[in-house]
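Under the numbering used here, the first residue of the sequence shown is numbered 3, with each subsequent residue one higher. Each residue gets a CB set at the ideal place from its N, CA and C atoms; glycine is no exception.
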Amino acid sequence: MAASHVVVHTGACPVSGIWGSGGEPHQRGRRRRAGAQEHSILGRGPPQVLAHESDRRHPGWPSSSSVGFSASGPERRGCHKVGGQGCCSHRVAGLGRRTVAVGRGRGGPPRASAAADADAPNVASQGSEVGPVESASKFVAAFWKFVRPHTIRGTLLGTTALTAKALLENRHLIDWALLPRALRGLLALLCGNGYIVGINQIYDVSIDKITKPYLPIAAGELSVPAAWLLCAALAAAGVSIVATNFGPLITKLYSLGLSLGTLYSVPPFRLRRFPIPAFLIIATVRGFLLNFGVYYATRAALGLPFVWSPSVVFITAFVTLFATVIAITKDLADIEGDRQQGITTFSTQLGTRAVAWLGIALLLLNYVAAIAAAFVLPGAFRLPVMAGGHAALAASLVYQGVRLEGTRFSQEGVAGFYRFIWNLFYLEYALLPFI
3 MAASHVVVHT GACPVSGIWG SGGEPHQRGR RRRAGAQEHS ILGRGPPQVL
53 AHESDRRHPG WPSSSSVGFS ASGPERRGCH KVGGQGCCSH RVAGLGRRTV
103 AVGRGRGGPP RASAAADADA PNVASQGSEV GPVESASKFV AAFWKFVRPH
153 TIRGTLLGTT ALTAKALLEN RHLIDWALLP RALRGLLALL CGNGYIVGIN
203 QIYDVSIDKI TKPYLPIAAG ELSVPAAWLL CAALAAAGVS IVATNFGPLI
253 TKLYSLGLSL GTLYSVPPFR LRRFPIPAFL IIATVRGFLL NFGVYYATRA
303 ALGLPFVWSP SVVFITAFVT LFATVIAITK DLADIEGDRQ QGITTFSTQL
353 GTRAVAWLGI ALLLLNYVAA IAAAFVLPGA FRLPVMAGGH AALAASLVYQ
403 GVRLEGTRFS QEGVAGFYRF IWNLFYLEYA LLPFI
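Structure, rendered in structure tokens:
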């Protein structure tokens, strides 16, 4: 059993032996081991307790940035740079007139004197204090990541485009007094979106730690209980808004969407484990329910019965197939985590290259059908926009596929490809009011 050791603070980094900022070069020093003895040391500056960064996981020390506390209050005691990295990041606290170095015994837990051990919890509590403004800012940032901004953009664009299309078809019925109701409907859809992607993160956290460690639960920025509270609040708010504003049919459709999102992620169902049910759920919610529901609710608000228009039939069919592509390509980045968790997807079965080109082929089929519809139904669509716009999008998709092939389907290439797929999704809704 190694004994505790003592380090004399003479301008050098007291644990690693790297020299301080007094003009001395960086070099390794030596630790003096003094058996089980503990020495008091008189030196310049305020008295300190020092713990090496390797001890940061010990319960007595804070896990946040190193902060020193001297007689004059908190201060940061910066160590020096070695190869561009901080050398130690010691944690410091005042202890009267003596300095004790806290060391790690060989193969054992961190060791410290009685005085250091008694004050360690105080260091942790003082070092971890965060102001209310900073706490609120961190929570907002975590919440924004929690609701997955790329899906939020899709919901915003889809809702706006379908509402605009219904209004442009009935311009004489436009009433700005309906705007608050429309905004409440949009808020309800965003709440539903947040619930579905949020509950998925709760149950996918072990996979996300491997494939998406930046997500807030996987990164430790949002606790699982807090995530559950957010999901419950989002679902309750969404259902309440819809039930009080849009009638029984839309309320049932909205509840169906939430239920399908729950079945997708939550055991014992967890249908995301099975490729076909997984993509059918995503295609149904993102394709049919969103498009039909928004168009139906908009016409109802205008006092009109529901009637399928050619453009809405087109966008509903187009986006349903597009959502299928999103469903199968979203797993490209999750192959490693899905395999470790025993989850079967098209990506784990067929491989990255095959699934990427399958997605490209399905989207090209979508674009060819759109171009054909422009010629077959010239009275229903504007030929230059319908044919020309989709031809341009198809060409950009082929170019992106060639680029992905050039990256040999690297992780960065796959991530860029998936982002591009979502950009095409946004552009389709941007075209809708003009086709």
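Residue i, enclosing alpha helix (DSSP H) - first and last residue
| i | result |
| --- | --- |
| K211 | 207-213 |
| D340 | 337-342 |
| T253 | 249-267 |
| Y216 | First-last for Y216: undefined, no H or E at that position. |
| W424 | 413-433 |
| N293 | 292-303 |
| I345 | Element bounds for I345: n/a, residue is neither H nor E. |
| W146 | 134-148 |
| N368 | 354-378 |
| G156 | 151-171 |
| A319 | 312-331 |
| A280 | 277-284 |
| S398 | 391-408 |
Residue i classed as buried or exposed, judged by whether at least 16 other C-beta atoms fall within 10 angstroms
| i | result |
| --- | --- |
| S261 | exposed |
| T246 | exposed |
| E338 | exposed |
| D206 | buried |
| D336 | buried |
| R410 | exposed |
| Y401 | exposed |
| L385 | exposed |
| E2 | No statement about residue 2 is possible, as the shown extent of the chain runs from 3 to 437 and does not include it. |
| H392 | buried |
| A144 | buried |
| I278 | exposed |
| S349 | buried |
| F377 | exposed |
| A190 | buried |
| Q50 | Low confidence applies to Q50: its pLDDT is 41, below 50, so where it sits in the model is not reliable, and the reading given next is rough at best. Buried is the call here. |
| S139 | exposed |
| A177 | In the sequence as displayed, the identity of residue 177 is Asp instead of Ala. D177 comes out exposed. |
| F271 | exposed |
| V135 | exposed |
| R173 | exposed |
| G289 | buried |
| G415 | buried |
| A237 | buried |
| R405 | exposed |
| G156 | buried |
Reference residue i; option with closest CA among the options
| i | options | result |
| --- | --- | --- |
| A356 | I330, Q402, A374 | I330 |
| P380 | P312, L251, I283, Y420 | P312 |
| R150 | L159, L217, I204 | L217 |
| R421 | I219, L334, I284, L236 | L334 |
| I328 | G295, L189, N425, Q351 | N425 |
| E223 | A235, I204, A389, V416 | I204 |
| L429 | A363, L399, F248 | L399 |
| I284 | F271, P134, P250, G259 | G259 |
| A229 | Y256, V142, V404 | V142 |
| A363 | M388, A397, G344, T347 | A397 |
| P269 | Y298, A234, I345, T350 | I345 |
| V314 | Y369, G295, R405 | G295 |
| L2 | Y298, V287, G390 | Given a span of 3 to 437 for the chain in the structure shown, any question on residue 2 remains unanswerable. |
| F308 | I154, S267, V226, N293 | N293 |
| L291 | I423, I317, F276 | I317 |
| L323 | C193, I154, L365 | L365 |
| T286 | G418, S267, A319, F276 | A319 |
| C233 | V404, A394, G194 | G194 |
| S412 | R183, M388, L395, A358 | A358 |
| L159 | G133, W146, L192 | L192 |
| N368 | A325, W146, V244 | A325 |
| D340 | R183, S208, I219 | S208 |
| R186 | H152, I219, S242, P227 | S242 |
| Q343 | A417, T354, R275, A221 | R275 |
heavy atom of the ligand ADP below 8 angstroms from residue i C-beta
| i | result |
| --- | --- |
| P134 | Ligands displayed in this structure: none; no statement on the ligand ADP is therefore possible. |
Check whether the region 162-169 and the region 201-213 are in contact - that is, three or more C-beta pairs closer than 8 angstroms. The region 162-169 makes no contact with the region 201-213: fewer than 3 CB pairs, one atom from each, lie closer than 8 angstroms.
Would you check if there are 3 or more beta carbon pairs closer than 8 angstroms linking the region 149-166 to the region 423-436? Touching, per the Cβ criterion.
Pairs of beta-carbons, one from the region 303-311 and one from the region 361-379, closer than 8 angstroms: are there three or more? Touching, no, given that fewer than three Cβ pairs across the two stretches are closer than 8 angstroms.
Closer than 8 angstroms is the cut-off here; do at least three beta carbon pairs connect the region 263-275 with the region 190-205? Yes, the region 263-275 touches the region 190-205.
Could I get the ranges of all uninterrupted alpha helix (DSSP H) runs contained in the region 175-207, with 4 residues as the minimum, in chain order? Counting only runs of 4 or more, we get 181-205.
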